[in-house]
Amino acid sequence: MSQIEIVGLSKSYRGEGEGAAVDGLNLSVEAGEFVTLLGPSGCGKTTTLRLIAGYLVPDAGTITVAGRELSSPRRVVPPEERGMGMVFQNYAVWPHMTVFDNIAFGLKLRRLSKAQVRDRVAQVLELVNLSGLGNRYPSELSGGQQQRVALARSLVVEPAILLLDEPLSNLDAKLRERMRWELKQLQRRTGITFIYVTHDQAEALALSDRIAVVYAGRLQQYGTPREVYRRPANRIVADFMGSVNLVRGRVAERNGATGIVEASPLRLTLGLPEGVEVGEPVDLAIRPESIRLVLPGSDPDAIPGCIEEQSYLGNLCEYTVTVGAIRLRVQAGPDVDLAPGDETWVAVDAGACNLFPADDVTRL
Numbered sequence: 040m041s042q043i044e045i046v047g048l049s050k051s052y053r054g055e056g057e058g059a060a061v062d063g064l065n066l067s068v069e070a071g072e073f074v075t076l077l078g079p080s081g082c083g084k085t086t087t088l089r090l091i092a093g094y095l096v097p098d099a100g101t102i103t104v105a106g107r108e109l110s111s112p113r114r115v116v117p118p119e120e121r122g123m124g125m126v127f128q129n130y131a132v133w134p135h136m137t138v139f140d141n142i143a144f145g146l147k148l149r150r151l152s153k154a155q156v157r158d159r160v161a162q163v164l165e166l167v168n169l170s171g172l173g174n175r176y177p178s179e180l181s182g183g184q185q186q187r188v189a190l191a192r193s194l195v196v197e198p199a200i201l202l203l204d205e206p207l208s209n210l211d212a213k214l215r216e217r218m219r220w221e222l223k224q225l226q227r228r229t230g231i232t233f234i235y236v237t238h239d240q241a242e243a244l245a246l247s248d249r250i251a252v253v254y255a256g257r258l259q260q261y262g263t264p265r266e267v268y269r270r271p272a273n274r275i276v277a278d279f280m281g282s283v284n285l286v287r288g289r290v291a292e293r294n295g296a297t298g299i300v301e302a303s304p305l306r307l308t309l310g311l312p313e314g315v316e317v318g319e320p321v322d323l324a325i326r327p328e329s330i331r332l333v334l335p336g337s338d339p340d341a342i343p344g345c346i347e348e349q350s351y352l353g354n355l356c357e358y359t360v361t362v363g364a365i366r367l368r369v370q371a372g373p374d375v376d377l378a379p380g381d382e383t384w385v386a387v388d389a390g391a392c393n394l395f396p397a398d399d400v401t402r403l
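Taking my numbering, the leading residue of the sequence shown gets 40, the next gets one more, and so forth.
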């Protein structure tokens, strides 16, 4: 049995002039998993988290944890009775309390002895790398340290499930990257189930055991980071998960499960979805790293192109290349040094491409 089972979950804010924030969501989370709800702003991921936490009443569906129903339209178990912790985007630490008192607050409400509180706070301070900072106030800490205080305050009460609502979005890029690593290590050490909300694709890929991609209140795909990135279920997922070239083409030939797709001047042999027939329009999703810039004659399937733009990013170079009437984003190693106006040849790895019917879900 999964630790968390979400079945047919729906929530609407029609009374506030909005549509369905969550629409028929089904999701299973195993104990000890790090699961990320990923999607653009307004897609329903934070509403889902608040439904799991017990702050909202669902219009339909159920949330069950370890076989116990916690939420339905008929009854919602209060947040304080769910055995969950929650970490918010804005840290939500009390500025007038020391680090120690911020973390100890929940333990004192449970009437633990002073010795128990002291020992538990010391343990969790060490866990989040804040040992020796218990007497400081939040104003004396960096943003990353304040976020660790918020984490420690949730962890000290030993929740079975930790809910995190974009906890790193207020940090600068370098600190955010370091905190990703610390969060993943923390989750592995504690074995707590993490449900994490973010709109940052790189964050979701780096942290998660599984990713639930949500758009317009609906679950678009649920799988491992590799599955979601390399084999997106539809055009929405392909477009949202990192950089992608979406190119309109048509099926020129079909031979069983494979066929030839033309998007002049591209001509690629790849697997075709069921029901897609010869002559029908399709959309090709081609990742920039699946395109190679090659020398003339080095690849029989390469086609000529011209460099339009170049961006040097240190560990790689990103190019905009024109091939016929198509503009492609291409990523190459830092040793490739081409300038706008240079001619080149382009080879596409057809096996890494994804194809969707042209009437597939709406673009982002």
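Every residue gets a Cβ at the ideal spot worked out from N, C-alpha and C, and that includes glycine.
Out of the options, which one is the CA nearest neighbour of residue i?
i      : options                        : result
Asp388 : Ala277, Thr308, Asp374         : Thr308
Ser49  : Pro343, Glu292, Gly100, Arg113 : Gly100
Leu169 : Val138, Asp158, Leu151, Ser193 : Val138
Ala105 : Ile43, Ile91, Val195           : Ile43
Asn284 : Ala291, Val267, Thr297, Ala302 : Ala302
Asp140 : Val163, Cys392, Gly122         : Val163
Pro339 : Ser178, Pro118, Ala386, Glu348 : Ala386
Lys213 : Leu225, Val267, Gly183         : Gly183
Pro327 : Arg287, Leu352, Glu313, Gly281 : Gly281
Val68  : Tyr52, Ile45, Leu90            : Ile45
Val375 : Gly390, Ala364, Leu332         : Leu332
Ala70  : Ala59, Ser51, Ser41            : Ser41
Asn354 : Ala371, Ala341, Glu348         : Ala371
For the beta strand (DSSP E) that residue i lies in, which residues bound it at each end?
i      : result
Ala272 : Where Ala272 is concerned, there is no enclosing beta strand (DSSP E), given that its DSSP letter is neither H nor E.
Phe73  : 73-77
Thr308 : 305-310
Leu172 : Careful: Leu172 lies outside any beta strand (DSSP E) and carries neither H nor E.
What is the DSSP secondary structure of residue i, reduced to helix, strand or coil?
i      : result
Thr401 : For Thr401, the pLDDT reaches just 45, beneath the cut-off of 50, and the residue's location in the model is therefore unreliable, leaving the point undetermined.
Ala389 : helix
Gly56  : In this prediction, Gly56 has a pLDDT of 47, which is less than 50 and means its spatial position is unreliable; what the coordinates show is noted afterwards. Residue state, collapsed to three classes: coil.
Val104 : strand
Phe395 : strand
Pro343 : strand
Ser178 : helix
Asp204 : strand
Asn284 : strand
Asp62  : strand
Val369 : strand
Phe233 : strand
Ser193 : helix
Gln184 : helix
Between which two residues does the alpha helix (DSSP H) holding residue i run?
i      : result
Arg36  : No statement about residue 36 is possible, as the shown extent of the chain runs from 40 to 403 and does not include it.
Val31  : The shown model of the chain, from 40 to 403, leaves out residue 31, and the question about it has no answer.
Glu165 : 153-166
Arg262 : The question names Arg, but residue 262 is Gly in the sequence shown. Where Gly262 is concerned, there is no enclosing alpha helix (DSSP H), although the beta strand (DSSP E) it sits in stretches over 257-262.
Arg89  : 84-92
Leu244 : 240-246
Gly145 : 138-148
Indicate whether residue i and residue j have their beta-carbon atoms separated by less than 8 Å.
i      : j      : result
Ser80  : Met125 : no
Ile299 : Leu76  : no
Val404 : Thr87  : One cannot answer for residue 404 here, as it falls past the ends of the chain, which runs 40 to 403.
Cys392 : Leu334 : no
Gly122 : Pro206 : no
Thr383 : Gly344 : yes
Thr229 : Ile200 : no
Ile250 : Ala241 : no
Ser152 : Asp98  : no
Val196 : Leu146 : yes
Val286 : Ile365 : yes
Gly363 : Pro312 : no
**Q.** the stretch 182-199 touching the stretch 132-140, judged by at least three CB pairs closer than 8 Å
**A.** Yes, the stretch 182-199 touches the stretch 132-140.
Q: Determine, using beta-carbon pairs with one atom in the stretch 263-281 and one in the stretch 301-321, whether at least three such pairs fall under 8 Å.
A: In short, these stretches do not touch, since the Cβ pair count stays below three.
Q | Meets three-Cβ-pair contact criterion under 8 Å: the stretch 225-244 and the stretch 68-75 | A | Touching, per the Cβ criterion.
Q: Count the CB pairs spanning the stretch 359-374 and the stretch 311-318 that are closer than 8 Å, and state whether there are at least three.
A: Contact annotation: the stretch 359-374 does not touch the stretch 311-318, with fewer than three C-beta pairs closer than 8 Å.
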